[in-house]
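Here is the structure we will look at, set down as C-alpha cells.
Protein chains: 2
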Amino acid sequence: MSKLFIVGTGPGDLEYLAPKAQKSIAASSDLVAYGLYLDLLGELCKGKVHHDLPLGEEIGRARLALDLAASGKTVSLISSGDIGIYAMATLVFELLDLELQGKETGSVNSNKWLDVDIEVVPGISAMQAGASRVGALLGHDFCTISLSDLLTPWQTIEKRIHSAGQGDFVVSFYNPVSKKRDWQLNTARDILLEYRPASIPVLIGRQLTRVDENIVITTLDKLDAKDVDMFTLVSVGSSESRHIINGSKEWVYTPRGYSKKL
Amino acid sequence: MSKLFIVGTGPGDLEYLAPKAQKSIAASSDLVAYGLYLDLLGELCKGKVHHDLPLGEEIGRARLALDLAASGKTVSLISSGDIGIYAMATLVFELLDLELQGKETGSVNSNKWLDVDIEVVPGISAMQAGASRVGALLGHDFCTISLSDLLTPWQTIEKRIHSAGQGDFVVSFYNPVSKKRDWQLNTARDILLEYRPASIPVLIGRQLTRVDENIVITTLDKLDAKDVDMFTLVSVGSSESRHIINGSKEWVYTPRGYSKKL
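Protein chains in written order, with our numbering: chain V, 148 to 409; chain S, 148 to 409.
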C-alpha cells in the first residue's frame, strides 16, 4: 500500500481535530512533520516512526513523505491549521508536477511517486480559530495574504494588499513576521490605512486555541509588528467590521447586513 | 445556564465534524437549524428539541436562538460549513449590537440576550473541502466573495471581483446562483477574464463530501451558471494555479514557488 495522507490538524487544541484527520494519522506507520506539531498531537503519535526536518526544510519534508509512501508505507504528512492553506499540501503537488514534466525532483525514486495514493485532509485554519474566538470577523467577504517574501516577490505582495484595500476585504495576514522579516507588517498596515479608517478593529491572535493563547483586539492605526511573532495571526476588519462591548465580553464581527431588514 | 453555542458542522460528512462541535451539540437541549443540516447530523440530534424556520428566515433563526438561550436553555445554532463564514454567527452579533445600541431587535426579551454566554465553534468551510478534494487550490493567497446581492449592492460585489482580479487571488464564490439569481456568476467570470487567462483551472464542487458529491475541474472560459446550483462551490484559480493529470487522477494546486528553489 503506497498511501500518503496530507493532514491538517487544526489550530492546536485537539478538540478541533476532525475525526478524518485522527483516523488518517492512526492508519499511518510513518509521520512527517515539524516536531512542534507532533508534540501538540500527543498520544495520537505514539508507536509511529517520526521523521522531522528543521523549519526551512519544507521541500525536503514533502520529498521525504513522497519517498516513504512510494516505498510502500502508509504515511501522514502533517501541518497544524489547514495543510492546504500556506502549508505543505501544495509542495507535494509542486514536486509531483516536476516529476510529471520529467524535471529534476531531488529524489532518485521520484518515478515511483506517481503510484502513490494521495489524500488531502483539510483542517480549521488560524483565521477561522481567530474569528470564532472574537465573534464573526469573517462574516463577509475576506482574503488572506502571506507576508513572507522568501518565495513571493514583495512587489506581488504589495499589489495584493492594495487590491485587498480597494476591495474592502477583511484581510488575514499569515506569516506576518519572522526573525528575519520585521518591516512587512507595518508596511501592510500603512497601505491598508490608505483605504480604510484608522479605527477599524484588528485581531492579534497568538497561539490560538493552545494553552498559551493570547488574543488582543486593537485598531488598525495601533497595529505594530513589535506585538506580533511567528505564532501570531493578524486579521484586519473591513470598513464595515464592528467592535462591540457587552460588560466584560468583547466581540468583533463583520455584518452581512441582515439587521437592516428589521 | 444561559448558553448559546454557534456551531459550524463542516461540509457534510461527519468525518469532518470537530469533537468540539459534536460536544457542543450533545450538551444542548435545543437545536436551531435549517432542517437539511440536522438531517446530515443524524443520530447526534436525537432527543433534542428541533427548531426550524424556512430558508430566508435567517434573522428569525438567530433571534430564536438568542431568545431560547436567554430563557435559560443550552442552545446550539447550527450551520453546515464554518458558521462564521457567510453564515449564522454574524447575525447573532448583528442582533446583539442592535440591543446594545438600544435599537429595535424584533424580540420583547432582547434585554436578556446580554446575559447569554456565547461560544462560536468554527468548522471546515466548503472552499477547504473543495480545495482538498482536488489537491491544494488554496495553496497561496486567496479570497472569498459572496455573489448574493440580496443584502450587498451588486456594485460593491463587482468592485470586489475587480479587486480580486487585479490582486490575482484564487477566488472562491459562495452563493454563486439561486433560483432567483442566475446572471451574477457569468458576469463574475467575464470580469475575471479581463485579468487572467481563459485556460486557468476552475473547480465546480457540488455537495462536497456528501453522498451525492460531484466535482468538475474546468477552465475559466467554460465556467457557466447553468452547471451550478445552490449546493455548489466555485473556486477559480489564480494565474499561477495548475491542473496536472497523473493517469486517472487529476489535481489542481496553486504553488508557493518552493520548487523553484530546487
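Using N, Cα and C, we set each Cβ at its ideal position, and we do this for glycine too.
Is the beta carbon of V/Gly155 sitting closer than 9 Å to the one on V/Ala174? Residue 155 of chain V sits at position 8 when you count from the first residue of the first sequence. Residue 174 of chain V sits at position 27 when you count from the first residue of the first sequence. Against a cut-off of 9 Å, the Cβ pair of V/Ala174 and V/Gly155 comes out as no contact.
Checklist entry - Can you tell me the Cα-Cα spacing of S/Leu211 and V/Ser293, whole angstroms? => result Here residue 211 of chain S refers to the residue found at position 64 when the second sequence is read from its first residue. Here residue 293 of chain V refers to the residue found at position 146 when the first sequence is read from its first residue. Cα to Cα, the separation comes out at about 39 Å.
Practice task
Rank V/Asn256, V/Leu350, V/Thr334, V/Gly207 by C-alpha distance to the C-alpha of V/Ala236 and give the top, closest one.
Solution key: Counting from one through the first sequence, the residue named residue 236 of chain V turns up at place 89. Of the candidates V/Asn256, V/Leu350, V/Thr334, V/Gly207, V/Gly207 places its Cα closest to the Cα of V/Ala236.
If we call anything under 9 Å between Cβ atoms a contact, is S/Pro166 one with V/Tyr321?
Translated into positions along the second sequence, residue 166 of chain S becomes position 19. Translated into positions along the first sequence, residue 321 of chain V becomes position 174. Taking 9 Å as the Cβ cut-off, S/Pro166 and V/Tyr321 do not qualify as a contacting pair.
Requested in this report: Rounded to whole angstroms, what's the CA-CA distance from S/Gly157 to S/Ala273? Just pull it up for me.
Outcome: On the second sequence, residue 157 of chain S is found 10 positions in, with the first residue counted as 1. On the second sequence, residue 273 of chain S is found 126 positions in, with the first residue counted as 1. The straight-line gap from Cα to Cα measures roughly 8 Å.
Contained beta strand (DSSP E) runs [length at least 3] in the region 296-366 of chain V, N- to C-terminal order: The qualifying runs are 317-321, 348-353, 361-366.
- Item | S/Glu246 - containing alpha helix (DSSP H), residue span | Translated into the one-based positions of the second sequence, residue 246 of chain S becomes position 99. Residues 236-247.
Which residues does DSSP list as the beta-bridge partners of V/Tyr109? Nothing in the structure corresponds to residue 109 of chain V, since chain V is present only between 148 and 409.
task: Check S/Asp214 in the structure and name its three-state DSSP category.
output: The residue labelled residue 214 of chain S in the question sits at position 67 within the second sequence. Look at S/Asp214 here: in three-state DSSP terms it is helix.
- Item | Chain-order list of residues whose beta-carbon lies under 7 Å from that of S/Arg280 (same chain, five-residue window excluded) | As a working note, residue 280 of chain S is residue 133 in the second sequence. Listed in chain order, the non-local C-beta contacts of S/Arg280 below 7 Å within the same chain comprise Gly352, Leu355, Ile362, local neighbours out to five positions each way being set aside.
Could you tell me which chain V residues have their CB closer than 7 Å to the CB of S/Pro244, listed as they occur along the chain? Indexing the second sequence from 1 puts residue 244 of chain S at position 97. Residue identity differs from the one stated: residue 244 of chain S is Asp in this sequence, not Pro. Neighbours of S/Asp244 on chain V, chain order: Arg389, Ile391.
Point to revise | Alpha-carbon to alpha-carbon, V/Pro402 and V/Arg389 | key: One-based indexing of the first sequence puts residue 389 of chain V at position 242. One-based indexing of the first sequence puts residue 402 of chain V at position 255. If you take the alpha carbons of V/Arg389 and V/Pro402, they lie about 8 Å apart.
Taking the straight line between their C-alpha atoms, what separation do you get for S/Ala278 and V/Ile338? Position 131 of the second sequence, counted from the first residue, corresponds to residue 278 of chain S. Position 191 of the first sequence, counted from the first residue, corresponds to residue 338 of chain V. One C-alpha to the other measures close to 30 Å.
List, in order along the chain, the chain S residues whose C-beta lies closer than 9 Å to that of V/Val267?
Translated into the one-based positions of the first sequence, residue 267 of chain V becomes position 120. Simply Ala278, Ser279, Arg280, Val281, Gly282, Ala283.
Which value, in whole angstroms, describes the spacing of the CA atoms of V/Ala283 and V/Lys259? The sequence position of residue 283 of chain V within the first sequence is 136, counting from 1. The sequence position of residue 259 of chain V within the first sequence is 112, counting from 1. Distance between the alpha carbons of V/Ala283 and V/Lys259: 45 Å.
Practice problem: Whole angstroms is fine: what's the gap from S/Trp398's alpha carbon to S/Asp229's? | Solution: Indexing the second sequence from 1 puts residue 398 of chain S at position 251. Indexing the second sequence from 1 puts residue 229 of chain S at position 82. Straight-line measurement puts the Cα of S/Asp229 at about 24 Å from the Cα of S/Trp398.
Within chain V, the residues that S/Thr431 reaches when beta carbons sit closer than 8 Å:
Because residue 431 of chain S is not part of the residues shown, which for chain S are 148 to 409, the question remains open.
#### Entry: Residues near S/Trp301 in its chain [Cβ-Cβ closer than 8 Å; skip 5 each side]
In the second sequence, residue 301 of chain S corresponds to position 154, counting from 1. Hits under 8 Å: Gln331.
Where does V/Glu266 sit, in a helix, a strand or coil, going by DSSP?
On the first sequence, residue 266 of chain V is found 119 positions in, with the first residue counted as 1. In the structure shown, V/Glu266 adopts extended strand secondary structure according to DSSP, grouped into three states.
Worksheet item: For V/Leu247, which residues from the same chain have a beta carbon less than 8 Å from its beta carbon, with the 5 sequence-adjacent residues on both sides left out?
Response: Here residue 247 of chain V is taken as the residue at index 100 of the first sequence, counted from 1. Taking C-beta separations shorter than 8 Å and ignoring five residues to either side along the sequence, the partners of V/Leu247 in its chain run Leu261, following chain order.
Handout entry: Length of the line joining the Cα atoms of V/Glu204 and V/Ile391
Key = Sequence index remark: in the first sequence, residue 204 of chain V carries index 57 (1-based). Sequence index remark: in the first sequence, residue 391 of chain V carries index 244 (1-based). So the two alpha carbons sit approximately 43 Å from each other.
Compare the C-beta of S/Thr221 against all C-beta atoms of chain V and say whether one is closer than 9 Å. In the second sequence, residue 221 of chain S corresponds to position 74, counting from 1. Residue contact with chain V for S/Thr221: absent (no Cβ-Cβ distance below 9 Å to any residue of chain V).
task: Assign V/Glu251 to one of two classes, buried (16 or more other C-beta atoms within 10 Å of its C-beta) or exposed (fewer than that).
output: Residue numbering aside, residue 251 of chain V sits at position 104 when the first sequence is read from its first letter. Counting Cβ neighbours within 10 Å, V/Glu251 comes out exposed, since fewer than 16 surround it.
Relative to chain V, which residues along the region 198-213 of chain S have a C-beta separation below 9 Å, given in chain order? For the region 198-213 of chain S, the residues whose beta carbon sits under 9 Å from a beta carbon of chain V are, in order, Glu205, Ile206, Ala209.
In terms of DSSP beta bridges, what is V/Lys150 paired with? Locating residue 150 of chain V in the first sequence gives position 3, where the first residue counts as 1. DSSP, once it has assigned bridges, lists V/Thr221, V/Asp264 as partnering V/Lys150.
- If S/Ser319 and S/Thr291 are in contact, beta carbons under 8 Å, what's the gap, nearest whole angstrom? Stepping through the second sequence from its first residue, residue 319 of chain S is reached at position 172. Stepping through the second sequence from its first residue, residue 291 of chain S is reached at position 144. That pair is a contact at about 5 Å.
message: I'd like to know if V/Gly384 contacts chain S, where contact means its C-beta is closer than 9 Å to some C-beta of that chain.
response: Position 237 of the first sequence, counted from the start, is the residue given in the question as residue 384 of chain V. Taking Cβ atoms only, chain S never reaches closer than 9 Å to V/Gly384, which makes this a no.
With DSSP collapsed to three states, give me the class of S/Ile206. Working through the second sequence from its first residue, we reach residue 206 of chain S at position 59. Note: S/Ile206 maps to helix in three-state DSSP.
Tell whether a beta-carbon distance below 9 Å holds between S/Ser226 and S/Ala180.
As a working mapping, residue 226 of chain S is identified with position 79 in the second sequence. As a working mapping, residue 180 of chain S is identified with position 33 in the second sequence. Contact flag set, yes.
- request: Look at the Cβ atom of S/Pro269, then the Cβ atom of S/Gly312, and state whether they are nearer than 9 Å.
  value: Locating residue 269 of chain S in the second sequence gives position 122, counting from the first residue. Locating residue 312 of chain S in the second sequence gives position 165, counting from the first residue. No Cβ-Cβ contact shorter than 9 Å links S/Pro269 with S/Gly312.
Unbroken beta strand (DSSP E) run spanning V/Asp177, endpoints: The residue labelled residue 177 of chain V in the question sits at position 30 within the first sequence. Looking at the DSSP string, the run of the beta strand (DSSP E) that includes V/Asp177 is 177-179.
- [ ] Mind reading off the beta-carbon distance from S/Ser310 to V/Ser310? Whole number of angstroms is fine, and I expect it under 8 Å.
- [x] Within the second sequence, residue 310 of chain S is the residue found at index 163, counting from 1. Within the first sequence, residue 310 of chain V is the residue found at index 163, counting from 1. Contact between S/Ser310 and V/Ser310 holds, with the beta-carbon distance rounding to 5 Å and staying under 8 Å.
Exercise for review: Hey, could you find the ends of the alpha helix (DSSP H) V/Gly183 is sitting in?
Suggested key: Reading the first sequence from its first residue, position 36 is the one you call residue 183 of chain V. For clarity, residue 183 of chain V is Leu in the given sequence; the question names Gly instead. Unbroken alpha helix (DSSP H) run through V/Leu183: 182-188.
- From S/Ser295 to S/Ala372, what does the alpha carbon distance come to, in whole angstroms? Residue 295 of chain S sits at position 148 when you count from the first residue of the second sequence. Residue 372 of chain S sits at position 225 when you count from the first residue of the second sequence. For S/Ser295 and S/Ala372, the distance between alpha carbons rounds to 14 Å.
For this session: Give the interface partners of S/Thr379 over in chain V, defined as CB-CB distance under 9 Å, in chain order.
Result: Residue numbering aside, residue 379 of chain S sits at position 232 when the second sequence is read from its first letter. Those do not exist, as S/Thr379 stays about 18 Å from chain V at its closest Cβ, beyond 9 Å.
request  = Give me whichever residues DSSP pairs with V/Gly155 in a beta bridge.
outcome  = Counting from one through the first sequence, the residue named residue 155 of chain V turns up at place 8. BP columns for V/Gly155 point to V/Ser226.
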